[in-house]
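Residue numbers (my numbering), protein chains in the order written: chain A, 10 to 158; chain B, 10 to 158; chain C, 10 to 158; chain D, 10 to 158.
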């Protein structure tokens, strides 16, 4: 058996994700939860665009932040919450495509501070294109009433 | 008279903002456009929350990115478009409040590269609280068919 | 009397700074220590340049990191140490000048996480020019044997 | 034969690196130059330390910035110069070790804007430890007299 801090990390991530109403609003789905790696997918939607008709950089960041945050969350104990301290996003190509994939991966686990990196891809019929990268710094929080789950 | 690269910068920002469907989706309004400084406001909305019921960090970033991007856009010539190359956000306090203000300000104008800094505030009855800061690097784009306005 | 967590914050910063051998190597001096704000100055030196003869961006970051870190350190209790979790630097203009000033200021104090912003200026005879900005995320550390002072 | 924008990219990187006096000052050597990837190594040195006796975060950034910058430089045409627009560093572990390796890799090539990611490792006898990551945004510059090589 594993030595995961919380063997039910997948269930915990899925329950927390379901509480993120912003994910429903942007049409994002949790498509993969592994220890240290989480994937989210989202179809293109007109109501999420910027002025040129591409996915808004902030919406890309919203999905990447959730992917990175939940990647970190998989490595935390059952009674912990995850908070994003900061993140940086590089926008590499326009958010143009029918569907988008956002993968967050833990680069550096830790008791208090966790660093995760994310990548966003525009997915076409035959290939996917890297459109953005994120580095996020996360904090494990315990014993705060306002940040549970 | 002024020497603004585009004396109609306010009209240009307002027309472009109106095209950002993501702004409508998150309920954001353009409340102030000055040369080098743009403000956006947004009421709290349940559908924009993360798992603890606060405004999702990505939604905060969405509004800050637009505020910073349009702050930079005010300094550009009439035929230019603005692209966000990258941004970094620090989340300083939970996105808790009835209403939020996002201010973007140009820190360093430039012909090609512009740097803008943004601040997000949760606004209460008597005081406002700084909840996030952003530094965004913007690029002036000309002559690209896919990024007009 | 003040309510500073450590009334001797200036002495504590000065003693710690004196231990940073990198500061001696780059010729940096601590020129101002106030609660929440620290300034460092450095003359231009050929041995700190990049390929175009300007101050290397990493050296600018070295001084800004110390300025931001010590700005945060002024707000910490006497038995705490400061660690930099991450920082971002925007290089706004070439590191050209006879002398440089680096100012770090606490944007958001905190028990565990502190955010500080820094600005680097090239100083000439009559004016100073903003050449770089930094946002740094700092952590208050206690009870770790390897990070004292 | 290759289609590299400059087939002599290695020679060009090596000549430019030799001009970076900051690299000599910190004791850094260029140990590997491949298309899109550059490695720099540096022994630990007391004069580069912060207050706890570890390699200063700014010195780590100095070497990472050069590694990322030259990784980008390998992809540029022969008459271009490279400028760092901005970078972000996450410090994952103390800069403790006898020797350090800094690897920069191009994540997104581009005509004007290039994004590179870097990793810093403390190297021991039997293993290496990831101590820092960087994301750097670079710009290709042409026709500016002050930034040649």
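We treat Cβ as the ideally placed atom computed from N, Cα and C, and that holds for glycine.
Among the options, whose alpha-carbon lies nearest the alpha-carbon of residue i?
i, options, result
"residue 30(C)", "72(C), 117(C), 99(C)", "72(C)"
"residue 146(A)", "107(A), 137(A), 75(A)", "75(A)"
"residue 114(C)", "44(C), 58(C), 12(C)", "44(C)"
"residue 46(C)", "150(C), 125(C), 135(C), 152(C)", "125(C)"
"residue 101(C)", "151(C), 51(C), 138(C), 35(C)", "138(C)"
"residue 42(D)", "18(D), 140(D), 36(D)", "18(D)"
"residue 122(D)", "81(B), 24(B), 92(B)", "92(B)"
"residue 33(D)", "38(C), 141(C), 59(C)", "59(C)"
"residue 80(D)", "61(D), 105(D), 40(D), 109(D)", "40(D)"
"residue 82(D)", "48(D), 136(D), 35(D), 140(D)", "48(D)"
"residue 94(A)", "36(C), 56(C), 119(C)", "119(C)"
"residue 23(A)", "78(A), 116(A), 53(A)", "78(A)"
"residue 50(B)", "26(B), 117(B), 152(B)", "26(B)"
"residue 110(C)", "153(C), 88(C), 68(C), 117(C)", "68(C)"
"residue 12(C)", "57(C), 96(C), 87(C)", "87(C)"
"residue 56(D)", "55(C), 35(C), 116(C)", "35(C)"
By the 10 Å Cβ neighbour count, where 16 or more other Cβ atoms means buried, how is residue i classified, buried or exposed?
i, result
"residue 133(D)", "exposed"
"residue 20(D)", "exposed"
"residue 103(A)", "buried"
"residue 129(B)", "buried"
"residue 141(B)", "buried"
"residue 106(D)", "buried"
"residue 66(D)", "buried"
"residue 112(D)", "buried"
"residue 135(C)", "exposed"
"residue 131(C)", "buried"
"residue 37(D)", "buried"
"residue 127(D)", "buried"
"residue 10(C)", "With a pLDDT of 49 at residue 10(C), under the threshold of 50, the modelled position of that residue is not reliable, and the figure given next carries that caveat. With fewer than 16 other Cβ atoms within 10 Å, it is exposed."
Since residue i and residue j are thought to touch, with beta carbons under 8 Å apart, how far apart are those beta carbons, to the nearest angstrom?
i, j, result
"residue 98(D)", "residue 143(D)", "5 Å"
"residue 84(A)", "residue 14(A)", "6 Å"
"residue 150(A)", "residue 90(A)", "5 Å"
"residue 108(C)", "residue 53(C)", "7 Å"
Anything in chain A within Cβ reach of residue i, meaning under 7 Å, just list it in chain order.
i, result
"residue 25(B)", "60"
Just to make sure I have the definition right: I need the residues of chain B whose C-beta is within less than 9 Å of the C-beta of residue i. Which are they?
i, result
"residue 124(C)", "99, 101, 142"
Quick one: is residue i near chain B, going by C-beta distance under 8 Å?
i, result
"residue 149(D)", "no"
"residue 70(A)", "yes"
"residue 146(D)", "yes"
"residue 96(A)", "yes"
How about residue i: is its C-beta nearer than 8 Å to some C-beta of chain A?
i, result
"residue 49(C)", "no"
"residue 53(B)", "no"
List the residues of chain C whose Cβ lies closer than 8 Å to the Cβ of residue i, in chain order.
i, result
"residue 139(B)", "116, 117"
"residue 34(D)", "34, 56, 57"
Under 8 Å Cβ-Cβ, which residues of chain B neighbour residue i?
i, result
"residue 67(A)", "31, 67, 68, 70, 71, 72, 73, 74, 75"
"residue 93(A)", "66, 100"
Along chain A, in chain order, which residues have C-beta atoms closer than 8 Å to that of residue i?
i, result
"residue 38(B)", "Those within 8 Å of residue 38(B) in chain A number zero; the least Cβ separation is about 16 Å."
So is residue i in contact with chain C if we call contact Cβ pairs under 8 Å?
i, result
"residue 107(A)", "no"
Which chain A residues are close to residue i, counting only those with a beta carbon under 9 Å from its beta carbon?
i, result
"residue 28(B)", "58, 59, 60, 61, 62"
For residue i, return the contacting residues in chain B, with the cut-off set at a CB-CB distance below 7 Å.
i, result
"residue 18(A)", "Ordered by position in chain B, no residue passes the 7 Å Cβ test against residue 18(A), which lies about 15 Å from the chain."
Shorter than 8 Å from the beta carbon of residue i to some beta carbon of chain G?
i, result
"residue 67(C)", "The chain labelled as chain G is not found among the protein chains of the depicted structure, namely A, B, C and D."
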